Amino acid sequence: MQELQKRSNQLANVENTLRREIQLAQQIQSKLLNAKVPEFVGGQVAGTSIAARSIGGDYYDFCILKNGKLRIVIGDVMGKGIPAAMLMLLTRSAFRSVAEKGRGPGETLTIMNRILYDDFKALGAFVTVFCADYDPQSKILTYANAGHNPPLIVKGKTRSCEPLLGKGIMLGGMPHQLYQEHSI
1 MQELQKRSNQ LANVENTLRR EIQLAQQIQS KLLNAKVPEF VGGQVAGTSI AARSIGGDYY
61 DFCILKNGKL RIVIGDVMGK GIPAAMLMLL TRSAFRSVAE KGRGPGETLT IMNRILYDDF
121 KALGAFVTVF CADYDPQSKI LTYANAGHNP PLIVKGKTRS CEPLLGKGIM LGGMPHQLYQ
181 EHSI
């Protein structure tokens, strides 16, 4: 009976440790996804993610580029839970390493794919990503899509919605994929 109680206590300790680690992973992911939102003239941005599980592979990010444009990225790593969250961190790192270089959305996705391809291939993984630059001066949105569901743009006065259509294979799908840009 003592052995059974000992094993039960060990199992409870492991369960408590796992809960704490998952809670910490949730906090880390939340802080990374909800980092400082940039301010820019002529608009505002906001984002939120509600994971199917406590943590997951959803990703979004914003940054102001040196040329004054607002860079927006939205992604979804295959899978759910902790494995997807880990792949999301790889995707975020790839985006952050490329985003500030002043390249357009298409070239950004092309370079991200080169960075991620070998790791994602080895893991049998992929990520869909939509990347856009908004120029507040010209009011032009330039974007490229790597297999992500087309986001909707809401037109100002009419509030009508239009999908931002564009084709491209997910990141990690093919090693030398090029991503085309579109503008509205």
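To convert, note that position 169 of the sequence shown is 169 in the UniProt record's numbering; the numbers rise steadily by one, no gaps.
Where is the CB? At the ideal position from N, CA and C, for every residue including glycine.
Owing to the predicted nature of the structure, the values given are computational and were not obtained by experimental measurement.
Would you call Ala144 buried or exposed, if buried means 16 or more other Cβ atoms sit within 10 Å of its Cβ?
Position 144 of the sequence shown holds residue 144. With 16 or more Cβ atoms within 10 Å of its Cβ, Ala144 is classed as buried.
Hey, out of Leu123, Gln137, Gly106, Ile115, whose CA is closest to Pro83's CA?
Residue 83 sits at position 83 when you count from the first residue of the sequence shown. When each option's Cα is compared against that of Pro83, the closest is Leu123.
Buried versus exposed call for Pro105 [16 or more other C-beta atoms within 10 Å across all chains shown]
Residue mapping note: residue 105 aligns to position 105 of the sequence shown, counting from 1. That one is buried.
From what residue to what residue does the beta strand (DSSP E) around Glu107 run?
Along the sequence shown, read from residue 1 onward, the residue named residue 107 stands at position 107. Run containing Glu107: none in the beta strand (DSSP E); it sits in the alpha helix (DSSP H), 105-123.
Ends of the beta strand (DSSP E) at Gly75?
Here the question's residue 75 lines up with position 75 in the sequence shown. Counting along the chain, the beta strand (DSSP E) containing Gly75 begins and ends at 70-77.
Output the boundary residues of the alpha helix (DSSP H) element that contains Val98.
The residue labelled residue 98 in the question sits at position 98 within the sequence shown. Where Val98 is concerned, the enclosing alpha helix (DSSP H) stretches over 81-99.
With DSSP as the reference, identify every bridge partner of Tyr59, one or two as the case may be.
Here residue 59 refers to the residue found at position 59 of the sequence shown. According to DSSP, which records beta bridges pairwise, Tyr59 is partnered with Gly75.
Residues in the same chain with beta-carbon distance under 8 Å from Leu24, minus the five sequence neighbours each way, listed in chain order, please.
In the sequence shown, the residue the question calls residue 24 occupies position 24. Excluding sequence neighbours, Leu24 sits near nothing in its chain.
Could you round the C-beta distance between Met112 and Leu171 to whole angstroms and report it? I think they count as a contact, below 8 Å.
Stepping through the sequence shown from its first residue, residue 112 is reached at position 112. Stepping through the sequence shown from its first residue, residue 171 is reached at position 171. The Cβ separation is near 6 Å, so the contact holds.
Determine the burial state of His148: buried for a count of at least 16 other Cβ atoms within 10 Å of its Cβ, exposed for fewer.
Along the sequence shown, read from residue 1 onward, the residue named residue 148 stands at position 148. His148 comes out buried.
How long is the line joining the alpha carbons of Val37 and Arg92, rounded to whole angstroms?
Your numbering for residue 37 matches position 37 in the sequence shown. Your numbering for residue 92 matches position 92 in the sequence shown. The straight-line gap from Cα to Cα measures roughly 15 Å.
Taking C-beta to C-beta, are Gly75 and Thr17 nearer than 8 Å?
As a first step, residue 75 must be located in the sequence shown, where it is residue number 75. As a first step, residue 17 must be located in the sequence shown, where it is residue number 17. Their beta carbons are not under 8 Å apart, which means Gly75 does not touch Thr17 by this criterion.
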